[in-house]
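Remarks on the structure that follows.
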Amino acid sequence: MLMWREFHLLAAFPAVYIISPMQLHHPSTPSAAGRVPGEAVSISRRISQRHWFILIIVASFAVRLVLASFAPHPGISDPNHYYNLARNLAAGRGFVIDYVWQYHRPPDAVTHPEDYWMPLPAVWPAVGLRLLGGTLLAALIPSAILGSLIPVLTYSIAAAAGLDGTGRLMAMAMTAFLPEFVLNAVRTDTTISYVLFAGGASLCFYLGLRDGRLRWLLLAGVFGGLAHLSRQDAILLAPAMTISAVMLWRWGRLAIPWRWLWLVPLAWGAVVFPWLWRNYTLFGAFFSSGVGRTMFMTSFNDQFSYGRTLDLQHYLAWGWPNIIGNIALQMLAALKTSYTVLDIALPVTTLMALGGLILRRERSFLRPLVMPFVLVVLLFVTYTMIVPFHGMGGSFKKSYMALIPFLAAASSWGLLDFMRSRWLACVAAGLIAVFMLLDAVELTRADFDAARRYDATIVQLCQTLNSLGDDNADGKITVMTQDPFMLNYHGFPAVMIPSDDRDTIIEVAHRYAVDYIILPAARPALDSLFHGSEVDPRLPLVASSANYYEILAVRP
3 MLMWREFHLL AAFPAVYIIS PMQLHHPSTP SAAGRVPGEA VSISRRISQR HWFILIIVAS
63 FAVRLVLASF APHPGISDPN HYYNLARNLA AGRGFVIDYV WQYHRPPDAV THPEDYWMPL
123 PAVWPAVGLR LLGGTLLAAL IPSAILGSLI PVLTYSIAAA AGLDGTGRLM AMAMTAFLPE
183 FVLNAVRTDT TISYVLFAGG ASLCFYLGLR DGRLRWLLLA GVFGGLAHLS RQDAILLAPA
243 MTISAVMLWR WGRLAIPWRW LWLVPLAWGA VVFPWLWRNY TLFGAFFSSG VGRTMFMTSF
303 NDQFSYGRTL DLQHYLAWGW PNIIGNIALQ MLAALKTSYT VLDIALPVTT LMALGGLILR
363 RERSFLRPLV MPFVLVVLLF VTYTMIVPFH GMGGSFKKSY MALIPFLAAA SSWGLLDFMR
423 SRWLACVAAG LIAVFMLLDA VELTRADFDA ARRYDATIVQ LCQTLNSLGD DNADGKITVM
483 TQDPFMLNYH GFPAVMIPSD DRDTIIEVAH RYAVDYIILP AARPALDSLF HGSEVDPRLP
543 LVASSANYYE ILAVRP
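For what it's worth, our numbering labels the leading residue of the sequence shown as 3, then goes sequentially.
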């Protein structure tokens, strides 16, 4: 019954097909049909293409929905956080969390307003939980729907670049089952929301520059704001828009409507202002508490330090060999990420297409690619040189994926142009989609298995904690752990173990009335307690769990 209810939502999607060819294709943009055989498109063929359009979207959603029904967990770490926040939203508690996971601005209590991440990725699962029931599947359905819209975005990009109906459908097929898109659509994370809205902002901004129509510029601002509410680094869309406008004016030969560009920040600001004002009224600052600290981290665990000064002096004290070596390492990691997320075939077809487009100076096709490529360059610089340890945590990968729909459109052009035979090009795109689907299922299965095994150990740990009971008699069992997201997922108020010395760890434990500290953790100050080479009367061992975890009580 649930599947049929969601299937009815797909009835609105064909309208996008009816609108997009008229809205996105520009008379001055030569169609791909002019470059490859088969220019004329009969009415019957248009109907067939419409059926393929609907089929790709329905198949995209169906695959995601089926996989979501097997999900054992919303996802480890960040997705877990957004699910926890979504549960509180759906319960009417607002944007509050019941754990402390960083100390950039130490809260007064364990339960406190969200003060770091952006809100939109938690809104989608909250809508599902509220409307469809309190199950994990209900929370994942909105993400599955959004994920099935990425092929629609890809279709629109291909239309704006001048590809004909066949080329657009091929581009759609190459994003419908991209493994990373499928996996992230069955998690409660930022990726799908960001890809959809950052890609939409890039496309609409280009159309606004090309056509001079105010509605595209307004939509670019709206989508930019929604992308910003999905991920903090979406602020880089603003300089990307500025740089790409100059490039398209100087080298792209576009008549830029300069006097109307103010509509973009106006719409963007209108979308994000409520959240920024909420931050200001609660914390006295518009933006995240960690922006000024994370730039100067010298290890990933600096993110969890308590009361330690992270500034330029701290960063430079790390030494130039370490600084330069880390930047080089993060650059290599980012370059590797840029092709591994494309699965097997897309890196090859992308390079073929970009090479052909550049050699032939296909300005009509290259223009829509300018802004997303500028954005990726800015992301690369940010996550390798400015906040490199966030790149290590997967931030570059998540944001880089907004480029993929544009690469799929370019790949479609490349297949049609290099293979010459439209039939062979379609077969190639179809095979790419099939192999992507197989890889997506395997990637998702492996992720689910890992999450299931980890969650099973946490369930045993929670049973042990409940048997120990409330040690400090404050009416609740509060734990200190290096995974507060997971412990709170199972109902425990939780606090991150600070990445500091033992005295500081105990100080924080007393501040937040922690009952137990859970080891192991990547905290050298506690290693000797875990291995049994030292005993500290302030942190006595009281239990073990799952043949792995050790539980320390917190004493005065």
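Note that the Cβ used here is the ideal one computed from N, Cα and C, for glycine as well.
### Query
Helix or strand or just coil, what does DSSP make of residue 272?
Within the sequence shown, numbered from 1, the residue matching residue 272 stands at position 270. It is helical.
#### Entry: Simplified DSSP state of residue 337, which is helix, strand or coil
Working through the sequence shown from its first residue, we reach residue 337 at position 335. Residue 337: helix per DSSP, three-state reduction.
### Query
Any contact of the stretch 256-273 with the stretch 383-394, i.e. 3+ C-beta pairs under 8 Å?
Touching, no.
#### Entry: residue 222 and residue 243 closer than 9 Å at C-beta
Numbered from 1 along the sequence shown, position 220 holds the residue referred to as residue 222. Numbered from 1 along the sequence shown, position 241 holds the residue referred to as residue 243. It is a contact, given that the beta carbons lie within the stated cut-off.
### Query
So, do the stretch 54-63 and the stretch 143-158 have three or more beta carbon pairs nearer to each other than 8 Å?
Segments in contact, yes.
### Query
With respect to the alpha helix (DSSP H) encompassing residue 198, which residues constitute its N-terminal and C-terminal limits?
On the sequence shown, residue 198 is found 196 positions in, with the first residue counted as 1. Unbroken alpha helix (DSSP H) run through residue 198: 193-213.
### Query
Among the residues of its own chain, which have a CB less than 6 Å from the CB of residue 227, if the five just before and after it don't count?
Here residue 227 refers to the residue found at position 225 when the sequence shown is read from its first residue. So the list reads 270, 273 and 274, once near-sequence residues are dropped.
### Query
Going by other Cβ atoms of all chains shown within 10 Å of its Cβ, with 16 needed for buried, is residue 75 buried or exposed?
In the sequence shown, counting from the first residue as 1, residue 75 sits at position 73. By the 10 Å Cβ count, residue 75 comes out buried.
#### Entry: Outcome for residue 289 when other beta-carbon atoms lying within 10 angstroms are tallied against a minimum of 16
Numbered from its first residue, the sequence shown carries residue 289 at position 287. Residue 289 should be labelled exposed.
#### Entry: Assigned secondary structure, residue 180 (DSSP; H/G/I helix, E/B strand, else coil)
One-based indexing of the sequence shown puts residue 180 at position 178. Under the three-state reduction of DSSP, residue 180 is assigned to coil, being neither helix nor strand.
#### Entry: Pick from 433, 254 and 204 that is closest to residue 593, judged by C-alpha positions
Residue numbering for the chain in the displayed model covers 3 to 558; residue 593 lies beyond these limits and cannot be assessed.
### Reduced DSSP secondary structure (H/G/I, E/B, other) of residue 480
The residue given as residue 480 occupies position 478 in the sequence shown. Here DSSP, grouped into helix, strand and coil, assigns residue 480 to coil.
### Query
Which class does residue 518 belong to by DSSP, given the choice of helix, strand or coil?
Residue mapping note: residue 518 aligns to position 516 of the sequence shown, counting from 1. Looking at residue 518 - three-state DSSP - the assignment turns out to be strand.
### Beta-carbon proximity of residue 410 to residue 177, cut-off 9 Å
As a first step, residue 410 must be located in the sequence shown, where it is residue number 408. As a first step, residue 177 must be located in the sequence shown, where it is residue number 175. Against a cut-off of 9 Å, the Cβ pair of residue 177 and residue 410 comes out as a contact.
### Message
Excluding the 5 residues flanking residue 333 on each side, which residues of the same chain have their C-beta closer than 6 Å to its C-beta?
### Response
By one-based count along the sequence shown, residue 333 stands at place 331. So the qualifying residues of the chain are 386.
### Message
Quick check on residue 10: buried or exposed, where buried means 16 or more other Cβ atoms within 10 Å of its Cβ?
### Response
Along the sequence shown, one-based indexing puts residue 10 at 8. A caution first: residue 10 carries a pLDDT of 35, below 50, which makes its placement in the model unreliable, though a value can still be read off. The residue in question, residue 10, is exposed, as its Cβ has fewer than 16 Cβ neighbours within 10 Å.
#### Entry: Three-state secondary structure assigned by DSSP to residue 118
As a position in the sequence shown, residue 118 is number 116, starting the count at 1. The answer is coil: DSSP assigns residue 118 none of H, G, I, E or B.
### Cβ shell of residue 79 (< 8 Å), same chain only, five flanking positions each side left out
To locate residue 79, count along the sequence shown from 1; it is residue 77. Excluding the 5 residues flanking it on each side, residue 79 has same chain C-beta neighbours closer than 8 Å at 485 and 487, in chain order.
### Query
From what residue to what residue does the beta strand (DSSP E) around residue 496 run?
Numbered from 1 along the sequence shown, position 494 holds the residue referred to as residue 496. The continuous beta strand (DSSP E) containing residue 496 extends over residues 496-498.
### Message
Is the beta carbon of residue 359 closer than 9 Å to that of residue 412?
### Response
What you label residue 412 is simply residue 410 of the sequence shown in a count that begins at 1. What you label residue 359 is simply residue 357 of the sequence shown in a count that begins at 1. Yes, the Cβ-Cβ distance between residue 412 and residue 359 is below 9 Å.
### Query
What are the start and end residues of the beta strand (DSSP E) that includes residue 545?
Numbered from 1 along the sequence shown, position 543 holds the residue referred to as residue 545. For residue 545, the uninterrupted beta strand (DSSP E) segment begins and ends at 543-547.
### Query
Are the CB atoms of residue 442 and residue 181 nearer to each other than 9 Å?
For the purposes of this step, residue 442 is identified with residue 440 of the sequence shown, where counting begins at 1. For the purposes of this step, residue 181 is identified with residue 179 of the sequence shown, where counting begins at 1. Judged by beta-carbon spacing, residue 181 lies within the 9 Å limit of residue 442, meaning their Cβ atoms are closer than that value.
### Task
Report the option in 165, 224, 126 and 199 whose CA atom is closest to the CA atom of residue 191.
Position 189 of the sequence shown holds residue 191. Of all alpha-carbon atoms in 165, 224, 126 and 199, the one lying nearest the alpha-carbon of residue 191 is that of 126.
### Query
Is it the case that the Cβ atoms of residue 351 and residue 416 are separated by a distance below 9 Å?
Along the sequence shown, read from residue 1 onward, the residue named residue 351 stands at position 349. Along the sequence shown, read from residue 1 onward, the residue named residue 416 stands at position 414. Yes.
### Message
Let's test the definition: count the other Cβ atoms within 10 Å of the Cβ of residue 542 and tell me whether it reaches 16, buried, or not, exposed.
### Response
Here residue 542 refers to the residue found at position 540 when the sequence shown is read from its first residue. When all chains shown are included, residue 542 counts as exposed.
### Boundaries of the beta strand (DSSP E) in which residue 554 is found, first to last residue
Taking the first residue of the sequence shown as 1, we reach residue 554 at position 552. Its beta strand (DSSP E) spans residues 551-555.
### Task
Please report how far the alpha carbon of residue 501 lies from the alpha carbon of residue 307, in whole angstroms.
Sequence index remark: in the sequence shown, residue 501 carries index 499 (1-based). Sequence index remark: in the sequence shown, residue 307 carries index 305 (1-based). Near 5 Å, if we compare the C-alpha coordinates of residue 307 and residue 501.
### Message
Between 534, 71 and 503, which has its C-alpha nearest residue 309's C-alpha?
### Response
On the sequence shown, position 307 is the one that residue 309 refers to. Minimum Cα distance to residue 309 is reached at 503.
### Task
Can you tell me which of the three DSSP states residue 105 falls into?
Numbered from its first residue, the sequence shown carries residue 105 at position 103. If DSSP states are grouped into helix, strand and coil, residue 105 belongs with coil.
### Message
According to DSSP, residue 99 sits in a beta bridge with which residue or residues?
### Response
Along the sequence shown, one-based indexing puts residue 99 at 97. DSSP lists 114 as partners of residue 99.
### Query
Looking at residue 520 and residue 491, is the spacing between their C-beta atoms short of 9 Å?
Here residue 491 refers to the residue found at position 489 of the sequence shown. Here residue 520 refers to the residue found at position 518 of the sequence shown. Not closer than 9 Å, so no.
### Message
Looking only at its chain, what residues have a beta carbon closer than 6 Å to the beta carbon of residue 163, apart from the 5 residues adjacent to it on each side?
### Response
To locate residue 163, count along the sequence shown from 1; it is residue 161. Within the same chain, Cβ atoms closer than 6 Å to the Cβ of residue 163 are found at 367, 370 and 411, the five residues on either side in sequence being excluded.
### Close Cβ partners of residue 438 (< 7 Å) along its chain, the five nearest in sequence each way excluded
In the sequence shown, the residue the question calls residue 438 occupies position 436. By the criterion of a C-beta distance shorter than 7 Å, residue 438 is surrounded in its chain by 179, 180, 181 and 345, once the five residues flanking it on both sides are discounted.
### Query
Is the beta carbon of residue 87 less than 9 Å from the beta carbon of residue 116?
In the sequence shown, counting from the first residue as 1, residue 87 sits at position 85. In the sequence shown, counting from the first residue as 1, residue 116 sits at position 114. Yes, the pair counts as a contact, with Cβ atoms nearer than the cut-off.
### Query
Under the three-state reduction of DSSP, which class applies to residue 489: helix, strand or coil?
For the purposes of this step, residue 489 is taken as the residue at position 487 of the sequence shown. In the structure shown, the three-state DSSP call for residue 489 is helix.
### Message
Short of 8 Å in beta carbon distance, which residues of its chain neighbour residue 102, apart from the five on each side in sequence? Order them along the chain.
### Response
Translated into positions along the sequence shown, residue 102 becomes position 100. Within its own chain, the residues whose Cβ lies closer than 8 Å to the Cβ of residue 102, once the five positions on either side in sequence are excluded, are 108, 109, 112, 114, 486, 496, 497, 498 and 514, listed in chain order.
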